[in-house]
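Notes follow once the structure below has been shown.
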Amino acid sequence: MKLHQTVCAIVLGSHLICEVATAGDRRFSYVYESTTAAKGEVEVENWATWKTRRDGSGRANEFDFRHELEYGVTDRLQAAIYVADWKVSDGQAVYKDTAAELIYNMTNPVTDLVGSAIYGEVKLGDQQFKLEGKILLQKNFGPIVMAYNAGIEAEWEGERFGDYEERSGEFMQSFGVSYQVSPHFLLGGEFLHEVGFDEWQEAGDPVIYAGPNASFRFDRFFVTTTAMVQATGVTDEPDFQLRTIFGMHF
Amino acid sequence: MHKAKLTWAGLVLFIAGCASFQAGAPAITPAMVKVAQTSGDSLEKLERGRRLLAMRCTTCHALEPVGNYTVQEWSDIVEDMADRSGLKNDEQQEIQAYLAAARKTL
């Protein structure tokens, strides 16, 4: 089966699964909230991210896609699989990786002082292996929701599967605020700060992104989108990225 | 001066948020427990109802003040939203019991 057929099959499969899923609508595209799916619930999300940066006299564009399936193991523990992360760059569709994610909710963002959860992710691709851990904090003030994430990612890369010669780390933190204009429409902003560590030694240039977001939710689906502009001058990172997450439930 | 204004703005936001939350999911009082017991509901049921309301409903939207609807209207709203939020029958009843007790004691 050719790559584009595989990709189409995954996308179609995701939308079919949507027909039996319920979803916790996302307020943010980059920031995770501390709440988790209810026990037994299934949720499907499709992500699309456009990244663009200067490349000589022109621009280089990349389109990343993710198809995620989430399941509420208990009322506090949520498991997820990224069925496929893939990208389109220079007109070529390339499979990147598949991942598993666990989020354990510890406190409630409404009834407790601060909502909190811990997040763990394992990502495996044909040329990379990643481990990521995060703390997720959230507070709901009526129609205003604020969320903060901080985490560390360890990555091993190589020319072929299992032969990873390069290793690196990354510290990230993100913050989001969202205001419910109406139950169907939310507006807000997100902030992202990342610092890479090649070979876990010298810190690279910090990269900061900030931008507005909007979330639309209707009876059976939601769409959340965020436009992020790089506030730092790191030329080998995208200077603009736009992420849209689409979820459906029936 | 600028810092002081920001601090005040933050404080106002915090208080408004807390007030808004209290209107949406007020803390359980002895009066609420007494009202609930007349319908055969326990304190534990009210606590579970409040926790579920705070966890499931706010995943998608802010909580409406309890006083905005009658007990019957709340019951209908919870029933309407149960499928959307993945509530099982007993969980639905727990939220309805909590909202009924909160509404009757306003």
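So the sequence lines, in the order shown, correspond to chains A and B. Positions -15 to 234 (my numbering) are the ones given, in order, by the first sequence. Positions 753 to 858 (my numbering) are the ones given, in order, by the second sequence. We treat Cβ as the ideally placed atom computed from N, Cα and C, and that holds for glycine. Note that the structure is predicted; figures quoted are calculated from it, not measured.
Item, Value
"Among Ser166/A, Ala21/A, Leu176/A and Leu170/A, nearest to Glu154/A - alpha-carbon criterion", "Leu176/A"
"Where Ser827/B sits in the DSSP three-state scheme", "helix"
"Neighbouring residues, chain A, relative to Gly819/B (Cβ below 7 angstroms)", "Here the premise fails: no neighbours, minimum Cβ distance about 14 angstroms."
"Gly776/B - DSSP class collapsed to helix/strand/coil", "helix"
"Sequence-distant residues of its chain with Cβ nearer than 6 angstroms to Met156/A (five each side left out)", "Gly135 and Glu178"
"Separation of Lys856/B from Ala84/A, as counted between CA atoms", "46 angstroms"
"The stretch 36 to 45 of chain A in contact with the stretch 21 to 28 of chain A per 3-pair CB rule at 8 angstroms", "no"
"Residue of Met130/A, Phe113/A, Lys114/A and Asp147/A minimising C-alpha distance to Leu121/A", "Met130/A"
"In DSSP terms, what Gln122/A is bridged to", "Gly99/A and Ala131/A"
"Spatially closest choice to Ala849/B from Arg836/B, Thr810/B and Arg803/B, by CA coordinates", "Arg803/B"
"N-terminal and C-terminal residue of the beta strand (DSSP E) that Val213/A is part of", "Phe205 to Gln214"
"Cutoff 7 angstroms; reference Asp59/A; Cβ partners in own chain excluding five residues on either side", "Ala22 and Lys23"
"Simplified DSSP state of Arg60/A, which is helix, strand or coil", "coil"
"Contacting positions in the stretch 8 to 30 of chain A - beta carbon closer than 7 angstroms to chain B", "Gly8, Asp9, Thr19, Ala22 and Glu25"
"Beta carbon proximity, Arg808/B to chain A, threshold 8 angstroms", "yes"
"Three-way DSSP call (helix, strand, coil) for Asp842/B in this model", "helix"
"Buried or exposed (CB count within 10 angstroms, at least 16 for buried), Asp793/B", "buried"
"Backbone CA spacing between Leu795/B and Tyr88/A [nearest angstrom]", "27 angstroms"
"Under 8 angstroms by beta carbon: chain A residues contacting Arg802/B", "Thr95"
"C-beta neighbour in chain B for Gly231/A, strict 8 angstroms", "no"
"Short CB-CB distance (under 8 angstroms) between Gly160/A and chain B", "no"
"Partner residues on chain B for Gln62/A, Cβ-Cβ distance less than 8 angstroms", "Going along chain B, no residue has its Cβ under 8 angstroms from Gln62/A, so there is no contact; the nearest lies around 12 angstroms."
"Under the three-state DSSP convention, the category His168/A falls into", "coil"
"Cβ-based neighbour list, Leu851/B, same chain, cut-off 6 angstroms, excluding 5 preceding and 5 following", "Trp826"
"Best match in Tyr14/A, Tyr132/A and Gly188/A for proximity to Ala32/A [C-alpha to C-alpha]", "Tyr14/A"
"Cβ contact check for the stretch 144 to 151 of chain A and the stretch 94 to 114 of chain A: 3 or more pairs under 8 angstroms", "yes"
"From Gly195/A, Glu137/A and Ser199/A, residue whose alpha carbon lies closest to that of Tyr163/A", "Ser199/A"
"For Asp81/A, three-class secondary structure by DSSP", "strand"
"Beta carbon proximity, Gly776/B to chain A, threshold 8 angstroms", "yes"
"Cβ shell of Glu843/B (< 6 angstroms), same chain only, five flanking positions each side left out", "Leu804"
"Cutoff 8 angstroms; reference Ala215/A; Cβ partners in own chain excluding five residues on either side", "Ile192, Tyr193 and Ala194"
"Phe125/A and Ser152/A closer than 8 angstroms at C-beta", "no"
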